[in-house]
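Enquirer: Here it is, the structure, as structure tokens.
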Amino acid sequence: MKLHDMTQIMQDTARRGVGSRRWQRPVYEHFLPPCNQACPAGEDIQGWLSHAQAGAYEEAWRALVANNPMPAVHGRACYHPCESGCNRGSLDESVSIHAVERFLGDEALKNGWTFESAPSTGKKVLIVGAGPAGLSCAYHLARQGHTVEVRDAAAEPGGMMMHGIPAYRLPRTELQQEIARITAMPGVTLTCGVKVEDLAKAKVEGGFDAVFVAVGAQLANHLNVPTGDGKRLVDAVSLLDDVSEQKKPQLGRVVAVVGGGNVAMDAARTAERLGAKDVVIVFRYDKDHMEALPGEAAEAFAEGVKIRWLNVVDHFGADGITVENVTMNADGSVTPTGETTMLAADSVVMAVGQHSDLSLLATMPKITVQKNDTVAVDATTLMTGEAGIFAGGDCIGG
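Next up, the structure:
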């Protein structure tokens with residue numbers, strides 16, 4: 097019996113991909129290099145790295161500061177997510193981008209390299225807050241020729257760089273030098289020790305064309321932890337601020353830190369440097385949900401800081417703190433188990449987040465303050481609901 101191939105000849109010869117007729121064409125898509133894509137500061141990393149590799153250090157620094165005016169600070173305090181994104185990491189190890197950035201920043205300070213400004217535009221801008229967002233804004237505006245006045249309620253500029261990040265992570269000398277280079281730019285004026293109470297009034301009285309709100313998140317969140325026998329809860333932001341001002345808070349020999357973020361790690365390590373012999377972090381979630389970056393936590397644990405996972409503080413009294421075991425739920429909430437333990441503690445430091453003081457916006461009803469105490473802004477322009485009023489940094493959510 098003869099077998100017949102029943103395949104349709106036209107179907108074989110006419111289907112897509114057969115023959116000389118093209119049915120696909122290449123489309124070129126442009127993506128950022130993975131290090132640039134991961135950089136929150138938007139630096140052209142491979143651009144300035146190529147100059148540094150060639151030994152053109154000033155050219156590398158100028159390419160770097162086109163986006164970020166404080167490389168000596170960034171090279172010390174940044175968590176360098178660029179290195180996590182580096183393709184080289186899958187071959188041997190990531191390029192030490194932050195180390196090169198720190199080197200270039202220090203070279204600039206050593207050699208006195210300065211910023212260049214454009215001719216004056218006649219425009220005048222008020223910046224409220226002299227933290228990283230406010231200072232960076234002042235720098236970029238001054239480079240375009242705008243006149244800038246920066247006002248800050250603190251006695252010295254720097255925001256959380258000065259009052260929050262411990263000096264062992266960010267030395268104050270380099271920080272002050274990089275701030276001074278920005279405030280020395282033509283058209284930049286810095287006024288400290290002056291709190292802007294009414295933004296609308298300040299804008300009109302100063303004759304400003306625009307305002308940039310960069311007040312940060314300097315107010316500590318609190319938990320309702322009962323205390324007794326004269327015991328007092330200390331918030332981590334105030335603790336770090338006091339230490340930055342050369343004060344020496346008396347925390348005692350045993351310190352409990354409530355929280356699991358980077359601020360909690362800073363507070364725990366600072367407590368050790370203040371003389372505490374035993375520091376324990378009490379965290380309501382498990383290790384997989386730790387909010388601190390792994391590197392920050394690893395350094396704290398290497399210094400002897402301990403941690404209790406899935407625990408909450410129930411009471412702080414004369415004998416120490418009572419902690420209760422909890423279980424995690426699928427939605428991220430926790431359920432108390434009723435199982436409690438007494439831990440010795442001379443003091444308790446609360447590191448459960450911060451929020452912004454946005455009272456200066458009370459007379460501007462078109463500006464929306466969201467439930468989490470952040471300012472609503474346009475995602476592209478960073479302008480609020482009030483024309484000419486912009487906001488950035490931690491007060492818009494980071």
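Per this note's numbering, the very first residue in the sequence shown carries number 97; after that it's consecutive.
Idealized CB from N, CA, C, for every residue including glycine.
Restricting to Cα atoms, I'd like to know which of E189, K462, G493 is closest to L295.
Expert: K462
Enquirer: Give me the Cβ distance between V244 and A238, rounded to the nearest whole Å; I'm assuming they're in contact under 8 Å.
Expert: 6 Å
Enquirer: Just the C-alpha distance for D338 and T269, rounded to the nearest angstrom, thanks.
Expert: 18 Å
Enquirer: Using beta-carbon positions only, say whether M446 and S340 come within less than 9 Å of one another.
Expert: no
Enquirer: Would you call F127 buried or exposed, if buried means 16 or more other Cβ atoms sit within 10 Å of its Cβ?
Expert: exposed
Enquirer: Let's test the definition: count the other Cβ atoms within 10 Å of the Cβ of L319 and tell me whether it reaches 16, buried, or not, exposed.
Expert: exposed
Enquirer: Thinking Q240 and A214 are a contact (beta carbons under 8 Å), I'd like their distance in whole angstroms, please.
Expert: 5 Å
Enquirer: Between G312 and C491, which are expected to be in contact by the criterion C-beta below 8 Å, what is the C-beta distance as a whole number of angstroms?
Expert: 6 Å
Enquirer: Closer than 6 Å by C-beta to E482: which residues in its own chain qualify, once you throw out the five before and the five after it? Chain order, please.
Expert: M460, K462, I463
Enquirer: Would you mind listing the beta strand (DSSP E) stretches within the stretch 234-283 that are 3+ residues and don't spill past its ends, in chain order?
Expert: For secondary structure counted as the beta strand (DSSP E) over 3 or more consecutive residues, the stretch 234-283 holds these complete runs in sequence order: 243-248.
Enquirer: Check whether the stretch 197-210 touches the stretch 159-170, taking contact to mean three or more Cβ pairs, one atom from each stretch, closer than 8 Å.
Expert: Because the criterion of three Cβ pairs below 8 Å is met, the stretch 197-210 and the stretch 159-170 touch.
Enquirer: Can you tell me whether G434 is helix, strand or coil according to DSSP?
Expert: strand
Enquirer: Buried or exposed for S443, please, with buried defined as at least 16 other CB atoms from any protein chain shown within 10 angstroms of its CB.
Expert: buried
Enquirer: Considering only DSSP beta bridges, list what L439 is partnered with.
Expert: In the DSSP assignment, L439 forms a beta bridge with I417.
Enquirer: Are the beta-carbon atoms of V409 and A316 separated by less than 9 Å?
Expert: no
Enquirer: Could you tell me which residues DSSP pairs with M424 in its beta bridges?
Expert: DSSP, once it has assigned bridges, lists V430 as partnering M424.
Enquirer: Taking only runs that begin and end inside the stretch 312-394, name each unbroken alpha helix (DSSP H) of 4 or more residues, in chain order.
Expert: 332-340, 358-369
Enquirer: Would a C-beta distance cut-off of 9 Å place V321 and V353 closer than the cut-off?
Expert: no
Enquirer: Give the DSSP-derived three-state secondary structure of H176 in the structure shown.
Expert: coil
Enquirer: If you pair each beta-carbon of the stretch 366-376 with each one of the stretch 398-406, do three or more pairs fall below 8 Å?
Expert: Under the three-pair Cβ rule at 8 Å, the stretch 366-376 counts as touching the stretch 398-406.
Enquirer: From C288 to Q314, what distance separates their C-alpha atoms?
Expert: 16 Å
Enquirer: Could you tell me the alpha carbon to alpha carbon distance between S146 and G201, rounded to whole angstroms?
Expert: 16 Å
Enquirer: For S466, which residues in the same chain have their Cβ closer than 7 Å to its Cβ, ignoring the five residues on either side in sequence?
Expert: Looking at the sequence shown, residue 466 is not Ser but Gln. Here Q466 has A472 as same chain residues with Cβ atoms under 7 Å from its own Cβ, once five neighbours each way along the sequence are excluded.
Enquirer: Cα-Cα, which of A173, L187, W209 is closest to H194?
Expert: Nearest C-alpha to H194: A173.
Enquirer: Excluding the 5 residues preceding and the 5 following A388 in the sequence, name in chain order all residues of the same chain whose CB lies nearer than 7 Å to its CB.
Expert: G356, G357, N358, A360, M361
Enquirer: Note down, in chain order, each residue of its chain lying with its Cβ closer than 8 Å to the Cβ of V422, except the 5 sequence neighbours on either side.
Expert: R380, L406, N407, V408, V430, T431, P432, T433
Enquirer: In angstroms, rounded to a whole number, what distance separates the CA positions of Q142 and C182?
Expert: 11 Å
Enquirer: With a Cβ-Cβ cutoff of 9 Å, do G488 and A364 count as a contact?
Expert: no
Enquirer: Alpha carbon to alpha carbon, how far is K327 from L478? Give it in angstroms, no decimals.
Expert: 43 Å
Enquirer: Among P390, A148, A159, Q149, which one has its Cα closest to the Cα of G138?
Expert: It is A159 whose Cα lies nearest to the Cα of G138.
Enquirer: Determine the contact status of E222 and V284, defining contact as a CB-CB distance below 9 Å.
Expert: For clarity, residue 222 is Leu in the given sequence; the question names Glu instead. No, they are not a contact pair.
Enquirer: Consult DSSP for D490 and reduce its assignment to one of helix, strand or coil.
Expert: It is helical.
Enquirer: What alpha helix (DSSP H) runs, 4 residues minimum, are completely inside the stretch 178-223?
Expert: Listed in chain order, they are 193-207.
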